Structure formats: structure tokens, C-alpha cells
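Asks: Sharing a structure below in C-alpha cells format, with a few things to ask.
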Ligand code: ADP
Ligand code: MG
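In our numbering, the protein residues as written are 651 to 1379.
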């Protein structure tokens, strides 16, 4: 199709009218280039396409026939009915049979042409060849069934009136080869998508030059973009079906690497933009005075990973490149003290430090911890949250602006309410997944390029870290401080609840506290009795009568939520019934039991995060995972991972493997970049490769050539908004 380029809107493509274009737009396909990247989700080998007369017993073949009749007949076995199709092509008659697929009568009608593919039976020479349970696809019209045995076809609305005809290219695209199977989009059947892509590629539509440097393509022996797109949609003769299905054909590799390469360039460019001129910052050195101070402040010996992280941070403080670092460590691994010691370096040199926490309770806890550590050494720590009274808040803002406040702890008030710093040198963001990239950038910009440390307790597999936080360098705390008692984890079903209640009462009897987690705020039909408020009433009137019990969840007004949380933190409550709002950060060392009802509804990483809320003191703690109803075998096996290990990173890997990245992080706030071809889990090795190639490329003269300029412009267009790339970056 001469004249068609990747920028051509799909509604101008033959066979795609305004109505279908609208359906395509809903899945993000607006231009021909988008459509070209909508890859088949599987392939079918229909290469043996033959006239009926040539079919032999035992063949795997595909044949296009005209349907003469369709009948359903019972068999002697109860519940077994056979659908029989009779038809023919120019060379002779053929039969096809399916077991129990009576609905086929609605789909396959006499007079229609259908493509059958599968195993052929022909018991003797003159017999009518028969396909047993074949896959099929209607040739005329735009309905499609690609494989026998899958879900019944949805009623097909067909094309809108006035929709242009698809111009089906016939068997050339649909049989006699390895055939691509696409996910249906609105009224665009897999077959119609195949037709459209076939015409697009055959017709010689321009596909654009691609975004991989020629040098890299040559060095790695990759196909050109055009070759890759052609092959990935219409695999060449003799291609390995298995390789294509695993997305490991050369064509797939090229497209995956290309997509990651552009992304990785975006990350590097973001990083390069953080290079700021900071005269004097290189004097943030560690001298003897500072060493003495640190020794005084430190309440314990650092673990070796805490020491490593600090050494890296201290080094980066002296670099002209602003620090953008992620400190990842399991709950309880001791991230706070790393941030506090790093802060000492900055404060020692006269600059200010800000720490931003996601909730008021957390901010208050940090404030208390940090004040206890630093005020004895005459370091001035202030708290800035929305909870301050007007006068107090004015004074605090003033103290921050004048530079009197050296360490400012707060919530997002730090970025919202016009807080001005005199000289912000170092910003720390705790529990980062609650904040967006834009928010942390805002905080850092308050400091004209302050160093940034992001702390997260959500251990995520490295592959996801690269995609989610690829603009940050990574430090990991992979060990817990010594002497920590691991939380022991028990799995019970609802029959075990009386024992669970007894356990909670026993701990409370010893002066300890308990978290009681329910999956829902309100009742639902699907999970009766699982709502926080209902469970709160039942528990406080029944098994926990006489104990001090309260509840929180996300819809409790913020002020009341804060009040309940701090009542629990200060020991005024025995049992807190809650949703996962308690997941983040709250530190109540006196809490020694955590019960989670309907534990099978939670992700492993989330359960791990939850149980990290107990065992923060010196007493042994227990997490009791109560499974609801009749747990499936696989649900139990999943939960047993938690019994077996307390290594958050291992749990995260398992969870990711079981649930896939979308669910793993929660689809809405996942923040996973929207890749079209690549998959960060399946293709992790390519992301690593792309990162290395991208950084080499940017550092080489190639980046300044015409090709380089074109590629970088494409990066800005694709990722500029997400990464805040400026024109020069
Ligand atoms: P998290 O990484 O979950 O934020 P914290 O920083 O809150 O963990 O630390 C958890 C607890 O461990 C705190 O009570 C802290 O004082 C203590 N802690 C941290 N580092 C060490 C260490 N090296 N030795 C002993 N205790 C430590
Ligand atoms: Mg913490």
C-alpha cells in the first residue's frame, strides 16, 4: 500500500472504517505503526494446505471446503453427541466431526466456506477423508473460530453498515503457512486483523527505519525492522513454531530489544539531566569530626549492607552528579538509620535534610525516632504535616525557610504547602510506592538538585526494579539486623478460628497487641462476612469481648484513622481490626500477632509486607494466615512459600512468577511502563542488554550522528512526558 506510513491513521486503511477504528483506538491502536506492533498471541501451523482428494490417512492438513450440511447425532453413550459436517471442494467430498460441540450448528452453516485444519482419518483408499475435532475458521464473512475446544464464539455484530469490505486475500494469508492468531478487538476478528496486516505488509507500507542503530543491528546479526515485522506476523516457511511462540525468533528479539532500547535511552537521558552544577557540594566529605558524631549517634553496630549503602551514599555526596538512589530493603532491615547517618553528613556541612513519609502516623514515628537520635547532639528536627495548627505551621514553615530547622520530617505537606527551604541538600522519600515519580521530582526541585534517597520496603525482583525505578541507582539491604526473631507463620482454615481467637487473647493477656486484617471494607455477596466493620462488631461482641478493640480502613475519615492508629501505637488498644491500610510502615513493637483472614485473596508480597508489621520488637511474633472456605491446592501451595521463607526478595520473585507483573504490583498504581512488544518478566535479559547498549550508545559519537539525533528525538517523543525529558536532555 504505497503512501501508507507508520503515521497513517488506521481508519484510512482498507477494511477499517470509522467504527472499527474506534474499537482499535480503545486498545491504543490509532496509527498503522501501532497496528504493526500488535503481535499475534500465538501461531498455527496450516502449512499443509491441500485439496480434499490429496488428503491421506494420518496427515496434518488444512483444507478449504464448502459446507453442504451439518447434523447432530446422539451416540450410545449418554451425554455424548457428535456434530458432523459434510462438505466438499472442487476435488471431492470431506467430513468433519466434533464431540459435544452442538453450538457449532449456529456458527457453521450450509453454503459457507470454512477452513478446516487438523488430523485426517481415511481408513481405506476410497473412503471420504474425515477431520476429527479440527480447528476451523470461516472464510467468508468475518467470523472466526480458530481452534476447536475453546470458548463458544461471541455473537458477532459484524461490520457496521457502510463499513468497507475487508477484501479477504483468501488462503494466501490464512492457510498454507504458519498463520498468526490475534486477539480479537471489538468487531475485528482475528481473521480480519490478519487480513489487514497481510495487506499492509504485502502492499509495501512503509514501516519506518526503526530505532536500533545500524551498528548494533549488524553486530548482533538482527533482522531489519521491516524483515522483523514481516516475519513476526507471517513467519517464513520452515520457521520454528516453538521459537515464535516463545517470542524468541530473531524477529521477536529485534522488536523486543528495540522497544527496550528506546526505553533505556529515556532512562539514561533522565539520569543525565540530573547532572547539576553544584559548586561546593564536593566538600560534603567525611572528616574526623563527623566520624565522631556518627559514633555518638549510632545506637548499634551497622550491618554490613547498611555500611555498604552508606559508603556509596557518602561517595555520591561528593560527585557533581546528583544522587538518585533507591534503598531497597525488607521490612525491618534498618533503612531509617542509613538515611539518618547520611543526613548527618549533609547537616554537618550546613545544608538541610527533608524526609517525606506517606502518612501522618509514619511521619510522626520518624520524627520521634530521629529527634531521639539527633536532638541530644543539638541538631534541630521539626515536623511538618497537615495536622499542625495554623500558628504552629507558620512557625515551622518559617523555621524551614530560615534554615533554623536542619532536619524536616513531614508528609506530602512538604511539597504541597509552599514549604521553602533555605538550602535543601538531601531529600529522603520513605515507602516510595505511595508517591509518584512527579512528586519526588517536585521535592528534589525544591532543593535545586538536592540528592535523593528513595526508601522502599516492597522488595521487588530486579527486573521490575529496572523498569519501575530504572532512573534510580540501587542499594539493597539484604540482611536483617542481628538478633531479630523471624515471624513464625501458621496457616489455618476457618475451622481453626477458635484457636486463633484464643491465641490473640493469650497474647493480649501478656500485655501484647494484635492486628486483625480483613480483605474488605464492606460486605460483598462474593465474600459474606469478610468486611472490616462487620467482623469488628462480631469480634468485639464475641471472641474479643472485654478487650479494647477498634477498626480502621481506607474509608474511615483521615482524622479518625490517624487517631485510631496512634491509639494503637501508644498501647491504648489491644486489637486493631483493619484492611491493608496498616500495610505501610506503622511501627508498633508491642504487636506480636497478626491474623489475616481470607489470606488466599492477597498476594504473597503483600502478605509478607503485612506480617512485617509484627516482630518489630524483641519478642517472638506470629502471623496466622486464615484461609476462607475450601482452599484450593494451589492457593495452599502459594501460602506455604510464606511458611518456608522470610526472604522478601525470594517471595517477591515467586509472587511475580505466579501472578505476573500487573497483579503483582496492583494494576492501577503499578506504574509499569506500557510496553507493546516486550514483557519485563519474560524478556528481562533483553532489558539488561538494552540498558548496557543504551548507555554505551549515549557515550559514543554515534549519538551525535543523524541517525543518533533521529533516535533520540523518537525517545523524547515516546518517553519525554513520563521522564520529564527536556529538549536538550
Ligand atoms: P525499615 O527498614 O523497615 O524501615 P527500620 O529502619 O524501622 O526498618 O529498623 C527496624 C528496627 O531495627 C528499628 O527498631 C531499628 O532501630 C533497628 N535496627 C536498624 N539497624 C539495626 C542494626 N544494625 N542493629 C540493630 N538494630 C537495628
Ligand atoms: Mg521504615
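Glycine included, every Cβ here is placed at the ideal spot set by N, Cα and C. Here the structure is a predicted model, which is why all the values come from computation and not from measurement.
If you draw a straight line from the alpha carbon of residue 1022 to that of residue 998, how long is it in whole angstroms?
Replies: In the chain shown, residue 1022 corresponds to position 372, counting from 1. In the chain shown, residue 998 corresponds to position 348, counting from 1. C-alpha separation (whole angstroms): 18 Å.
Asks: Applying the 10 Å Cβ sphere with the 16-neighbour rule, what's the burial state of residue 985?
Replies: Taking the chain shown and counting its residues from 1, the one referred to as residue 985 is at position 335. Label assigned to residue 985: buried.
Asks: Near residue 1144, which residues of its chain fall below 7 Å by C-beta distance, leaving aside the five closest residues on each side in sequence?
Replies: Working through the chain shown from its first residue, we reach residue 1144 at position 494. Cβ neighbours of residue 1144 beyond the five flanking positions: 1276 and 1278.
Asks: Using only the alpha-carbon positions, how far apart do residue 1325 and residue 1117 sit?
Replies: Residue 1325 sits at position 675 when you count from the first residue of the chain shown. Residue 1117 sits at position 467 when you count from the first residue of the chain shown. Cα-Cα distance, rounded: 10 Å.
Asks: Rounded to whole angstroms, what is the Cα-Cα separation between residue 993 and residue 1216?
Replies: Along the chain shown, read from residue 1 onward, the residue named residue 993 stands at position 343. Along the chain shown, read from residue 1 onward, the residue named residue 1216 stands at position 566. Their Cα atoms are separated by approximately 27 Å.
Asks: Assign residue 697 to one of two classes, buried (16 or more other C-beta atoms within 10 Å of its C-beta) or exposed (fewer than that).
Replies: The residue given as residue 697 occupies position 47 in the chain shown. Buried.
Asks: Exposed or buried, which one is residue 752 when buried takes at least 16 other CB atoms within 10 Å?
Replies: The residue given as residue 752 occupies position 102 in the chain shown. Exposed.
Asks: Among 1285, 978, 855 and 1134, which one has its Cα closest to the Cα of residue 1267?
Replies: Taking the chain shown and counting its residues from 1, one reaches residue 1267 at position 617. Residue 1267 has its Cα closest to that of 1134, out of 1285, 978, 855 and 1134.
Asks: Does the ligand MG have a heavy atom nearer than 8 Å to the CB of residue 621?
Replies: Given that the chain is displayed from residue 651 to residue 1379, the structure contains no residue 621 and the question cannot be resolved.
Asks: Measuring CB to CB, does residue 1347 end up less than 9 Å from residue 903?
Replies: The residue labelled residue 1347 in the question sits at position 697 within the chain shown. The residue labelled residue 903 in the question sits at position 253 within the chain shown. Taking 9 Å as the Cβ cut-off, residue 1347 and residue 903 do not qualify as a contacting pair.
Asks: Would the stretch 1206-1222 and the stretch 1120-1131 be scored as touching if the rule is three or more Cβ pairs under 8 Å?
Replies: The answer is no - the stretch 1120-1131 does not touch the stretch 1206-1222, with fewer than three Cβ pairs under 8 Å.
Asks: Using three-state DSSP, classify residue 1203 as helix, strand or coil.
Replies: Residue 1203 sits at position 553 when you count from the first residue of the chain shown. Note: residue 1203 maps to coil in three-state DSSP.
Asks: Does DSSP classify residue 1018 as helix, strand or coil?
Replies: Within the chain shown, numbered from 1, the residue matching residue 1018 stands at position 368. Looking at residue 1018 - three-state DSSP - the assignment turns out to be helix.
Asks: Does DSSP put residue 1105 in a helix, in a strand, or in coil?
Replies: Stepping through the chain shown from its first residue, residue 1105 is reached at position 455. It is a strand residue.
Asks: Would you tell me roughly how many angstroms separate the C-alpha atoms of residue 1376 and residue 1099, rounded to the nearest one?
Replies: Here residue 1376 refers to the residue found at position 726 of the chain shown. Here residue 1099 refers to the residue found at position 449 of the chain shown. Answer to the nearest angstrom: the Cα atoms are 15 Å apart.
Asks: Please say whether residue 1170 and residue 1202 have beta carbons closer to each other than 9 Å?
Replies: Within the chain shown, residue 1202 is the residue found at index 552, counting from 1. Within the chain shown, residue 1170 is the residue found at index 520, counting from 1. No, Cβ-Cβ distance for residue 1202 and residue 1170 is not below 9 Å.
Asks: DSSP three-state label for residue 816, please.
Replies: For this step, residue 816 is matched to residue 166 along the chain shown. Confidence at residue 816 is low in this model, with a pLDDT of 45, below 50, so its placement is unreliable and the value that follows should be read with caution. Correct three-state label for residue 816: coil.
Asks: List in chain order: all unbroken alpha helix (DSSP H) runs of 4+ residues lying wholly within the stretch 1015-1082.
Replies: As far as the stretch 1015-1082 is concerned, its whole alpha helix (DSSP H) runs of at least 4 residues are 1040-1052 and 1063-1066.
Asks: Hey, could you find the ends of the alpha helix (DSSP H) residue 684 is sitting in?
Replies: Translated into positions along the chain shown, residue 684 becomes position 34. Counting along the chain, the alpha helix (DSSP H) containing residue 684 begins and ends at 682-686.
Asks: Pull up the distance between the alpha-carbon of residue 1038 and that of residue 956, whole angstroms please.
Replies: Within the chain shown, residue 1038 is the residue found at index 388, counting from 1. Within the chain shown, residue 956 is the residue found at index 306, counting from 1. Rounded to whole angstroms, residue 1038 to residue 956 spans 34 Å at the Cα level.
Asks: Answer with buried or exposed for residue 677, where buried requires no fewer than 16 other C-beta atoms within 10 angstroms of its C-beta.
Replies: Mapped onto the chain shown, residue 677 falls at position 27. The residue is exposed, with fewer than 16 neighbouring Cβ atoms inside 10 Å.
Asks: Specify whether the stretch 1048-1062 and the stretch 960-970 touch according to this definition: at least 3 beta carbon pairs, one from each stretch, less than 8 Å apart.
Replies: The stretch 1048-1062 is not in contact with the stretch 960-970.
Asks: How close, in whole Å, do the beta carbons of residue 1105 and residue 1078 come, if the pair is a contact with beta carbons under 8 Å?
Replies: Counting from one through the chain shown, the residue named residue 1105 turns up at place 455. Counting from one through the chain shown, the residue named residue 1078 turns up at place 428. Right, the Cβ-Cβ distance comes to about 7 Å (below 8 Å), so this counts as a contact.
Asks: Quick check: what's the CA-CA separation for residue 858 versus residue 1256?
Replies: Here residue 858 is taken as the residue at index 208 of the chain shown, counted from 1. Here residue 1256 is taken as the residue at index 606 of the chain shown, counted from 1. In a straight line, the C-alpha of residue 858 is about 43 Å away from that of residue 1256.
Asks: Is residue 1066 buried or exposed, if buried means 16 or more other CB atoms sit within 10 Å of its CB?
Replies: Residue mapping note: residue 1066 aligns to position 416 of the chain shown, counting from 1. Residue 1066 comes out exposed.
Asks: When the Cα of residue 717 is compared with those of 739, 729, 1173 and 732, which residue comes out closest?
Replies: Along the chain shown, one-based indexing puts residue 717 at 67. The residue with the shortest Cα to Cα distance from residue 717 is 739.
Asks: Consider the C-beta atom of residue 975 and the heavy atoms of the ligand ADP; say whether any pair is separated by less than 8 Å.
Replies: Walking along the chain shown from the start, residue 975 turns up at place 325. No, the beta carbon of residue 975 sits no closer than 8 Å to any heavy atom of the ligand ADP.
Asks: For residue 833, which residues of its own chain have a beta-carbon under 6 Å away from its beta-carbon, when the five flanking residues on both sides are left out?
Replies: As a first step, residue 833 must be located in the chain shown, where it is residue number 183. So the qualifying residues of the chain are 691.
Asks: With a threshold of 7 Å on Cβ separation, who are the neighbours of residue 807 within its own chain once the five nearest residues in sequence on each side are excluded?
Replies: As a first step, residue 807 is located in the chain shown; it is residue number 157 there, counting from the start. Annotation note: pLDDT 30 at residue 807 (below 50); position unreliable, no value reported.
Asks: Please list the terminal residues of the continuous alpha helix (DSSP H) segment that includes residue 695.
Replies: As a working mapping, residue 695 is identified with position 45 in the chain shown. Taken as a continuous stretch (DSSP letters only), residue 695 belongs to no alpha helix (DSSP H), being part of the beta strand (DSSP E) at 692-695.
Asks: Helix, strand or coil: which one does DSSP assign to residue 873?
Replies: Stepping through the chain shown from its first residue, residue 873 is reached at position 223. Reduced to three states, the DSSP call for residue 873 is coil.
Asks: So, helix, strand or coil for residue 1004, using DSSP?
Replies: Position 354 of the chain shown, counted from the start, is the residue given in the question as residue 1004. Three-state result, residue 1004: strand.
Asks: Look at the alpha carbon of residue 797 and the alpha carbon of residue 683, and state the distance between them as a whole number of angstroms.
Replies: For the purposes of this step, residue 797 is taken as the residue at position 147 of the chain shown. For the purposes of this step, residue 683 is taken as the residue at position 33 of the chain shown. Note that residue 797 scores a pLDDT of 34, beneath 50, so its modelled location is shaky; the value from the coordinates is reported in the next line. Rounded to the nearest angstrom, the two C-alpha atoms are 29 Å apart.
Asks: Per DSSP, what kind of secondary structure is residue 1247 in: helix, strand or coil?
Replies: Indexing the chain shown from 1 puts residue 1247 at position 597. It is a strand residue.
Asks: Quick check: what's the CA-CA separation for residue 735 versus residue 744?
Replies: Here residue 735 refers to the residue found at position 85 when the chain shown is read from its first residue. Here residue 744 refers to the residue found at position 94 when the chain shown is read from its first residue. Taking the straight line from one Cα to the other gives about 8 Å.
Asks: Is DSSP giving residue 766 helix, strand or coil here?
Replies: Mapped onto the chain shown, residue 766 falls at position 116. Strand, per DSSP.
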